[in-house]
Structures are given as structure tokens and as C-alpha cells.
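These notes concern the structure reproduced below.
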Amino acid sequence: MNIIIALLPAIGWGVMPWIVNKVPNSRPANQIFGVGMGATIVGIIVTLIQHPAMSLPVFFLSLFSGALWTIGQIGQFISFTRIGVSKTMPISTGLQLVGNTIIGALIFGEWKSSHDYLFGIIALVIIVIGVILTAYTEKDTDSGMKATGRDIVFLVLTTVGYLAYSTFPKMVSANAEAMFLPQTLGILLGSVLYLFFSGNKAAFKEKASYLDLFAGISFGIAAYAYIISAQVNGVTNAFIYGQLSVIISTVGGMTLLGERKQGKELLATLAGLCLIVVGAIL
Numbered sequence: 078m079n080i081i082i083a084l085l086p087a088i089g090w091g092v093m094p095w096i097v098n099k100v101p102n103s104r105p106a107n108q109i110f111g112v113g114m115g116a117t118i119v120g121i122i123v124t125l126i127q128h129p130a131m132s133l134p135v136f137f138l139s140l141f142s143g144a145l146w147t148i149g150q151i152g153q154f155i156s157f158t159r160i161g162v163s164k165t166m167p168i169s170t171g172l173q174l175v176g177n178t179i180i181g182a183l184i185f186g187e188w189k190s191s192h193d194y195l196f197g198i199i200a201l202v203i204i205v206i207g208v209i210l211t212a213y214t215e216k217d218t219d220s221g222m223k224a225t226g227r228d229i230v231f232l233v234l235t236t237v238g239y240l241a242y243s244t245f246p247k248m249v250s251a252n253a254e255a256m257f258l259p260q261t262l263g264i265l266l267g268s269v270l271y272l273f274f275s276g277n278k279a280a281f282k283e284k285a286s287y288l289d290l291f292a293g294i295s296f297g298i299a300a301y302a303y304i305i306s307a308q309v310n311g312v313t314n315a316f317i318y319g320q321l322s323v324i325i326s327t328v329g330g331m332t333l334l335g336e337r338k339q340g341k342e343l344l345a346t347l348a349g350l351c352l353i354v355v356g357a358i359l
């Protein structure tokens, strides 16, 4: 049963890109608003069932971290349209792994010994190599989904939102379930602000936004399952299993979403995925 719980985050996060890319006429604006609505629905249901104790400082800090998460997710959704899911997800996941590891080691002192630094640095190098391989595109490809330096820089900059989302909760001593609802409300708030300031207010009325709500429910279930998995399996095991989402989303992009890869490009992508997972385990 614990293994099933551990795999739920990977499944929920992994299928989210499939859902938003299968919704007709869905744009990044529709996608982020739909995810915000769906995640908030899950947050409300969980809070009504669990009744976690919540203080105002924790509420507002969690709300802010959820709003920052939308920066990273908007970056992903825009990148889906530029370079495809099968390139965006491994690159984005690799950047998050590297960023969170460096923050954990340098700011929170999670690397204690020379053993930690040795394997940590080796892991980071392996992940970076994996990211480079997944970004590889053959020159004669006709897919139109080549990852340029500009695309990589865009993902690096927007990934800062993900890093802030995962870092802020470490700064407070609070139950993860107490932070869950305000974080999902923050995601909804961030999505609304994005629609207003990006000139996409029409997305509030578009059907695609409400169909993308199911992607938000998938995200919300995965995020809550991760909290439970961390409790029953330990944070390390929950984290490693959660990284399997990159395999689900990338393989789905190459099959269900028609992002075909052949020859060296396919081999490079598969090899890169393997290295990212190995780096996550290390």
C-alpha cells in the first residue's frame, strides 16, 4: 500500500501535462487558471476533512509560496508550446533537482560530511549531463521543437518560482497539511494575477480554462499524496518516487502527444531520463 501511495505523486504530476495538451484551444493562460482552480478544490476538500491547525503567519507565507509556484508552472506551460512536453519536463525537473539540492546544502546545511558533498556533487553533474542529453535535437529534425539557448534560459529563470515554493515551507515549523490549502489558494491567486497583468482576462470565460481544471485536480491529488507519502515512506523515498513523474510525462509526450523522436534524439532523451533519475537517487 505504501508503494502505491508513493507512486501517486509521480502519476498525478506526470499526467498533468498530458491533460492540458489534450484540451482543445488551451493556451498557457487557460492552463494556469485551470490548475489554480482544480488545486484549490482539492485543498478545500482536504482541509474540510483533516481540520489542520493553522496560524496567520503560516497561512500568508504558504499563500505567498503558492503564488510564486505559478511562475514556475507558467514557464512550463509556455515551454510546452515552444519545445514540447518531452523536452520541457526533463529539463525543468533537472533544474529543480539541481536548484533544490544546492539550496538544501548551502542554506539549510543538509550536507553534513565529505561523503555528502562527494555524492551530492557527483549527482548534480549526472543530472546536468542528463538535462543536456534530453535537450539534444538532431539538425535535420522536422519536429520544429528544438530547444535553443533562449528556451533553456527561460526555463532557468522561471524555475526560480518552483524553488521558492519548495524552500519557503522549510523556513517555518508547521504541519504540511496546514500549509496545503493556503498554498493552493496562492496558486489560484497567482494565476489570476497573471491573467490580469498579461492581458489574458478573456481566459476567465473560456471553456478551455474549465476543462484544464482537471489538470489542477491531478496536481492537487499528487501534491497531497506526496505529503502522505513523506509521512509513511520518509521524505527521501517520497522524493525519489515523485521524480518518476518526469518519465511518465516525457514518454507520454513522445507517444500520446505525438512528439516523435527517432535515432540519436530518441536515444539521447532516454539516456538523459535515466541519468536524471540516477542523479535524484544519489
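Count the sequence shown with the working numbering and you get residues 78 to 359, in order. Where is the CB? At the ideal position from N, CA and C, for every residue including glycine. These figures come from a predicted structure and were not determined experimentally.
> Does DSSP put residue 249 in a helix, a strand or coil?
Replying inline: Reduced to three states, the DSSP call for residue 249 is coil.
> Does the beta carbon of residue 96 fall short of 8 angstroms from some heavy atom of the ligand FAD?
Replying inline: For the structure depicted, the ligand FAD is absent and the ligand set is empty, with no information on it obtainable.
>> For residue 235 and residue 151, which I take to be in contact (beta-carbon distance under 8 angstroms), what is that distance rounded to the nearest angstrom?
In response: The C-beta separation of residue 235 from residue 151 comes to about 7 angstroms, placing the pair in contact by the 8 angstroms criterion.
> How would you call residue 193, buried or exposed, if buried means at least 16 neighbouring beta carbons within 10 angstroms?
Replying inline: With fewer than 16 Cβ atoms within 10 Å of its Cβ, residue 193 is classed as exposed.
> residue 224 lies in the alpha helix (DSSP H); which residues open and close that run?
Replying inline: Taken as a continuous stretch (DSSP letters only), residue 224 belongs to no alpha helix (DSSP H), as it is neither H nor E.
> So does the segment 295-303 actually touch the segment 81-91, counting three or more Cβ pairs closer than 8 angstroms?
Replying inline: Under the three-pair Cβ rule at 8 angstroms, the segment 295-303 counts as touching the segment 81-91.
> Can you tell me the Cα-Cα spacing of residue 313 and residue 142, whole angstroms?
Replying inline: C-alpha of residue 313 to C-alpha of residue 142: approximately 22 angstroms in a straight line.
> Just curious, the alpha helix (DSSP H) that residue 345 is in, first and last residue?
Replying inline: Boundaries of the alpha helix (DSSP H) around residue 345: 340-358.
> So what's residue 193 in DSSP terms, helix, strand or just coil?
Replying inline: Three-state DSSP puts residue 193 in a helix.
> Leaving out five residues before and five after residue 213 in sequence, what residues of the same chain have Cβ atoms less than 8 angstroms from its Cβ?
Replying inline: If the five residues before and after residue 213 are omitted, its C-beta is found closer than 8 angstroms to the C-beta atoms of 341, 342, 345, 346 and 349, all from its own chain and listed in chain order.
> The alpha helix (DSSP H) with residue 99 in it runs from where to where?
Replying inline: For residue 99, the enclosing alpha helix (DSSP H) has its first and last residue at 79-99.
>> Given a cut-off of 9 angstroms on the beta-carbon distance, is the pair residue 163 and residue 338 in contact?
In response: Yes, the pair counts as a contact, with Cβ atoms nearer than the cut-off.
> What is the rounded straight-line gap between the Cα of residue 106 and the Cα of residue 97?
Replying inline: Residue 106 and residue 97: Cα-Cα distance of roughly 11 angstroms.
> residue 102 by DSSP, collapsed to three states: which one?
Replying inline: Coil, per DSSP.
> From 204, 261 and 272, pick the residue whose C-alpha is nearest to that of residue 123; which is it?
Replying inline: In this structure, 261 is the residue among 204, 261 and 272 with its C-alpha nearest to the C-alpha of residue 123.
>> Restricting to runs no shorter than 4 residues, where is the alpha helix (DSSP H) found entirely within the segment 232-289?
In response: Within the segment 232-289, the complete alpha helix (DSSP H) runs of at least 4 residues fall at 253-274 and 284-288.
> Can you give the beta carbon distance from residue 270 to residue 280, rounded, assuming they're within the 8 angstroms contact cut?
Replying inline: With 8 angstroms as the limit, residue 270 and residue 280 do not qualify as a contact, their Cβ atoms being about 13 angstroms apart.
> Excluding the five sequence neighbours on either side, which residues of its own chain have a C-beta within less than 6 angstroms of the C-beta of residue 100, listed in chain order?
Replying inline: 285, 288 and 289.
> How is the alpha helix (DSSP H) around residue 159 delimited, first residue to last?
Replying inline: Its alpha helix (DSSP H) spans residues 133-160.
>> For residue 258, which residues in the same chain have their Cβ closer than 6 angstroms to its Cβ, ignoring the five residues on either side in sequence?
In response: Within the same chain, residue 258 has close Cβ partners 120 and 124.
>> Can you list, in chain order, the residues of its chain with a C-beta nearer than 8 angstroms to that of residue 357? Leave out the 5 residues immediately preceding and following it.
In response: So the list reads 174, 200, 204, 316, 317 and 320, once near-sequence residues are dropped.
>> Please list the terminal residues of the continuous alpha helix (DSSP H) segment that includes residue 332.
In response: It spans 322-332 - the alpha helix (DSSP H) in which residue 332 sits, taken as one unbroken run.
> DSSP on residue 184, reduced to helix/strand/coil?
Replying inline: It is coil, neither helix nor strand.
>> My assumption, with CB atoms under 8 angstroms, is that residue 156 sits in contact with residue 231. Please give the rounded CB distance.
In response: 7 angstroms between Cβ atoms; contact.
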